[in-house]
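Asker: Handing you a structure now.
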Amino acid sequence: MPKLVHSREGKFLEDIPLQEGSLLIGRRPDCDVRLDDETVSGRHAIVTVAPSAYMEGLLDVHIEDQNSTNGTTVDGKEIKRHMLKHGEVVKIGSHEFAMVDEATRGFETTTVILPE
Amino acid sequence: MNTTIAYTVAMAGITDTGRAREHNEDAIAWDESRGLALLADGMGGHNAGDVASRLCIDTLNEILLPTLDKPLRLRPNKHMSRHATLARRAVNKANTAIYENAEANPARKGMGTTLAMVLFYDDKAVVAHVGDSRVYRLRGRELEQITADHSLVRELLEKGVISAEEAEDNPYSHVITKAVGVRPRVVAEVQEFATQPGDVFLLCSDGLTDLVDERDIAEALGAFAGHWQRAAQHLVDLANNHGGRDNISVVIAALGGPR
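If you read the sequences in order, they're chains A and B.
For my numbering, count along the first sequence from 1 and bump the result up by 51.
For my numbering, count along the second sequence from 1 and bump the result up by 1209.
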C-alpha cells in the first residue's frame, strides 16, 4: 500500500497510508490532514487515490493544489495537479510529504516489460 | 562494402553510464560502409541488462554485416522490401539468442533489451525498433521522431485513456510493452523511408530524451553538423548536465551528397 511520510523541518510526524478515496490537506479543522502552519491555506491540496488507469492491481495517487495562497510543490517544482511517483516529496508550507510506493519503486530506475 | 547506398555516409556515437547508475547497460555499434547503425538499452536484474544489450548488438552484427556485403537473396514480399525483411528476421534471431541465453542462465531470467536500428541501402532507410529507444530524423531544420515508443504510456495516450499532460511525468513512463529477448518471439516494428542528401538520423536511448528536449537536440545537431562525434558528445553532456539519471547513448547516421 502506498503511503505519504509526513515530516516537518526534518522531524518525522506520521505515516499516512494511501487507500482509495481522497484526503484534504490544510489548516481547517475539517481537513483529513490538518496542518498547523500559517502559510498553509484552509483547504490547501487534495490527494486522490484511485485504481490505476495504467496497471491493474495498482493505485494511482494524484495531488492537486486547491488554489492555495502559497502553492504546492513536488520536488521543488510548483504544481497544479500531479501524479506522484515513489520518492517524490510534496511540500506544503513547512510540511513535507514523501511518497513511498513499493509497487512502483522499480519502475523508476528500470525499464519494465509489461506482461501479456 | 555496401556500395548501393546513394549518398555518402558518416556515423558517430557515444554511450555513457551517466551520473546515477553504476553500470552501463546500453550498447551501440555502427558500420559506415555497410550503412548500419544499432542501439540497445538493456534491462534485467543482476546486471543482466548489459548481457542482453551486448548480445543483441553482437548477434545483429554477426548476421547483418556479412549479409550486407553481397546482393540480398531474400525474396521480397509485396509488403516489405528485402532489406526490411532482413532487418525483421535479424531481430528475431537476436531475440532467440537472448531468450536462450536466459534459459541457460537462470540468474538472467527475464532479461531483455530495447533496440533501435537504421539500415541504409540505395536511396532508402530501413528503420526498425522494439521498445522505447528512438530514432529521429533531422531534415533541414526539422527534427521528427520517426519511431513510436512501444510503451504503456504512449499506448494509453493513443487510446485516449490518459491525456498528454498525464503522459508526461508519471511512474509508468518506463514501462514498455515490447522488448527483445523476453519472450520466444518478437516482431520488430519496421518502417522504410526514402532518404535525401543531408538527412541526419539520430538513434538514442531514453537516457537522452528523458532529460533533453527535442529543440535542444535539433539545435545541437545543427550546430555541430559535419562534426558528428562532437555532436554526440554534446548531447551526452546535455543529458549529464540535467542529472544523467540513466545511461545515455546516441548514434548519429548522417547522409551527405550523392556518392
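Quick reminder that beta carbons are idealized off the backbone N, C-alpha and C, glycines included.
Any beta carbon of chain B sitting closer than 8 Å to that of threonine 155 of chain A?
Answerer: Chain B, which has a Cβ nearer than 8 Å to the Cβ of threonine 155 of chain A, makes this yes.
Asker: Count the other CB atoms, across all protein chains shown, that sit within 10 Å of the CB of aspartate 66 of chain A; report buried if there are 16 or more and exposed otherwise.
Answerer: Exposed, because fewer than 16 other Cβ atoms sit within 10 Å of the Cβ of aspartate 66 of chain A.
Asker: Could you tell me which of B:Ala1441, B:Phe1410, B:His1338, B:Gly1321 sits nearest to glycine 1254 of chain B, measuring between CA atoms?
Answerer: The candidate whose alpha carbon is nearest that of glycine 1254 of chain B is B:Gly1321.
Asker: Using a C-beta cutoff of 8 Å, does valine 1459 of chain B count as contacting chain A?
Answerer: No, no contact with chain A.
Asker: What is the rounded straight-line gap between the Cα of isoleucine 1478 of chain B and the Cα of aspartate 1419 of chain B?
Answerer: Any question about residue 1478 of chain B goes unanswered here, given that chain B covers just 1210 to 1468.
Asker: When the cut-off is 8 Å and only beta carbons count, does asparagine 1379 of chain B lie next to chain A?
Answerer: Cβ-Cβ to chain A under 8 Å: yes for asparagine 1379 of chain B.
Asker: Any beta-carbon of chain A closer than 8 Å to the one on valine 1173 of chain B?
Answerer: There is no way to answer for residue 1173 of chain B, as the model of chain B reaches only from 1210 to 1468.
Asker: Alpha helix (DSSP H) containing glycine 1431 of chain B: first to last residue?
Answerer: Its alpha helix (DSSP H) spans residues 1423-1432.
Asker: Taking tyrosine 1308 of chain B as part of the alpha helix (DSSP H), name the residues at either end of that continuous run.
Answerer: Counting along the chain, the alpha helix (DSSP H) containing tyrosine 1308 of chain B begins and ends at 1291-1313.
Asker: Rounded to whole angstroms, how far is the Cβ of valine 1344 of chain B from the Cβ of valine 1362 of chain B, which I believe are closer than 8 Å?
Answerer: In fact, because the Cβ distance is near 19 Å, the residues do not count as touching under 8 Å.
Asker: In chain order, what residues of the same chain have a beta carbon less than 7 Å from the beta carbon of histidine 137 of chain A, not counting five sequence neighbours either side?
Answerer: So the list reads Met150, Val151, Asp152, Thr155, Arg156, Glu159, once near-sequence residues are dropped.
Asker: Please report the distance separating the alpha-carbon of valine 1384 of chain B from that of valine 1335 of chain B.
Answerer: Going from the Cα of valine 1384 of chain B to the Cα of valine 1335 of chain B covers about 26 Å.
Asker: Counting only beta-carbon atoms, is methionine 52 of chain A nearer than 8 Å to chain B?
Answerer: No - not a single Cβ of chain B is within 8 Å of the one on methionine 52 of chain A.
Asker: Any beta carbon from chain B within less than 8 Å of lysine 136 of chain A's own beta carbon?
Answerer: True, the Cβ-Cβ gap to chain B drops below 8 Å.
Asker: Can you check which of these residues, A:Glu115, A:Ala104, A:Val141, is closest to leucine 1366 of chain B by C-alpha distance?
Answerer: That would be A:Ala104, whose Cα lies nearest to the Cα of leucine 1366 of chain B.
Asker: With a threshold of 8 Å between beta carbons, is leucine 1324 of chain B in contact with chain A?
Answerer: False, the Cβ-Cβ gap to chain A never drops below 8 Å.
Asker: Using a cut-off of 8 Å between C-beta atoms, extract the partners of leucine 1365 of chain B located in chain A.
Answerer: By Cβ distance, chain A contributes Ala104, Tyr105.
Asker: Can you pull the chain B residues whose beta carbon is under 7 Å from the beta carbon of phenylalanine 158 of chain A, in chain order?
Answerer: Per Cβ cutoff of 7 Å: Pro1380, Tyr1381, His1383, Val1384.
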